[in-house]
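Everything on this sheet refers to the single structure shown next.
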Amino acid sequence: MQEAFRTQIPGFAEIAERIAVMVAGAKLLQLPIVVTEQYPKGLGHTAAEIKATLPSGLEMIEKTAFSSCGAQQFVARLEETGATQVLVCGIEAHICVNQTVHDLLERGFQAHLLAGCIGARHPGNRKIALRKMQTSGALLSSIELALFELMRDAKHEQFKAVQGLIK
Numbered sequence: 681m682q683e684a685f686r687t688q689i690p691g692f693a694e695i696a697e698r699i700a701v702m703v704a705g706a707k708l709l710q711l712p713i714v715v716t717e718q719y720p721k722g723l724g725h726t727a728a729e730i731k732a733t734l735p736s737g738l739e740m741i742e743k744t745a746f747s748s749c750g751a752q753q754f755v756a757r758l759e760e761t762g763a764t765q766v767l768v769c770g771i772e773a774h775i776c777v778n779q780t781v782h783d784l785l786e787r788g789f790q791a792h793l794l795a796g797c798i799g800a801r802h803p804g805n806r807k808i809a810l811r812k813m814q815t816s817g818a819l820l821s822s823i824e825l826a827l828f829e830l831m832r833d834a835k836h837e838q839f840k841a842v843q844g845l846i847k
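Take the sequence shown: its letters are residues 681 to 847, numbered as in the working numbering.
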């Protein structure tokens with residue numbers, strides 16, 4: 681979600697705000713957060729709404745490959761976390777998101793598509809990409825669905841804080 685796309689992607693601000701909510705939830709649940717930027721010299725940096733919620737000192741990973749897995753630093757960070765599942769947000773659905781998800785699936789990760797956090801310049805491309813990724817094995821999800829699945833119980837210590845994020 682880089683600034684160069686703010687005027688090109690329908691609902692950019694809303695998508696960025698939803699991603700910021702997911703980042704806040706991830707921080708509450710102590711999940712690792714990994715952010716890539718596609719050629720930031722030309723496309724700008726991560727949207728301010730998202731940047732404001734990221735953990736301080738988080739290093740953005742610059743990439744030129746469409747798939748985030750094309751950046752060795754991204755793959756290394758995922759491996760460091762020991763994660764087997766990845767919650768996916770970003771743009772463009774049919775390019776960077778699609779190629780990243782397929783590479784994640786190929787590497788054995790379970791990819792969860794946070795549908796409200798994925799955009800594209802053309803809604804038709806978004807729809808086709810989501811369908812293609814699902815057909816390949818990615819799971820369609822949402823912020824609320826993902827956060828509550830992660831907590832599993834209303835007795836979770838972060839339940840009220842997470843509930844406050846999504847209301």
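Note that CB positions come from ideal geometry on N, CA and C, so glycine has one too.
Quick one: using the 10 Å Cβ neighbour count with 16 as the cut-off for buried, is residue i buried or exposed?
{"i": "Glu837", "result": "exposed"}
{"i": "Ala800", "result": "buried"}
{"i": "Asp833", "result": "exposed"}
{"i": "Glu729", "result": "buried"}
{"i": "Arg787", "result": "exposed"}
{"i": "Gly705", "result": "buried"}
{"i": "Thr761", "result": "exposed"}
{"i": "Ala809", "result": "buried"}
Specify the secondary structure class of residue i as computed by DSSP and reduced to three states.
{"i": "Thr815", "result": "helix"}
{"i": "Gly705", "result": "helix"}
{"i": "Ile846", "result": "helix"}
{"i": "His861", "result": "The question about residue 861 has no answer here: the residues shown for the chain are numbered 681 through 847."}
{"i": "His792", "result": "strand"}
{"i": "Leu827", "result": "helix"}
{"i": "Ile798", "result": "strand"}
{"i": "Leu711", "result": "coil"}
Do residue i and residue j have their C-beta atoms within less than 8 Å of each other?
{"i": "Ile713", "j": "Leu738", "result": "yes"}
{"i": "Val777", "j": "Val766", "result": "no"}
{"i": "Thr726", "j": "Ala700", "result": "no"}
{"i": "Ser747", "j": "Gln779", "result": "yes"}
{"i": "Val781", "j": "Ala745", "result": "no"}
{"i": "Gln682", "j": "Gly724", "result": "yes"}
{"i": "Leu668", "j": "Leu709", "result": "No statement about residue 668 is possible, as the shown extent of the chain runs from 681 to 847 and does not include it."}
{"i": "Ile846", "j": "Leu825", "result": "no"}
Would you check if there are 3 or more beta carbon pairs closer than 8 Å linking the segment 712 to 724 to the segment 795 to 810? no
Flag this pair as touching only if the segment 810 to 825 and the segment 688 to 697 have three or more C-beta atom pairs under 8 Å; answer yes or no. no
May I ask you to verify whether the segment 693 to 711 touches the segment 750 to 757, counting CB pairs closer than 8 Å and requiring at least 3? no
Which runs of the beta strand (DSSP E), 3 residues or longer, sit entirely within the segment 745 to 793? 765 to 770
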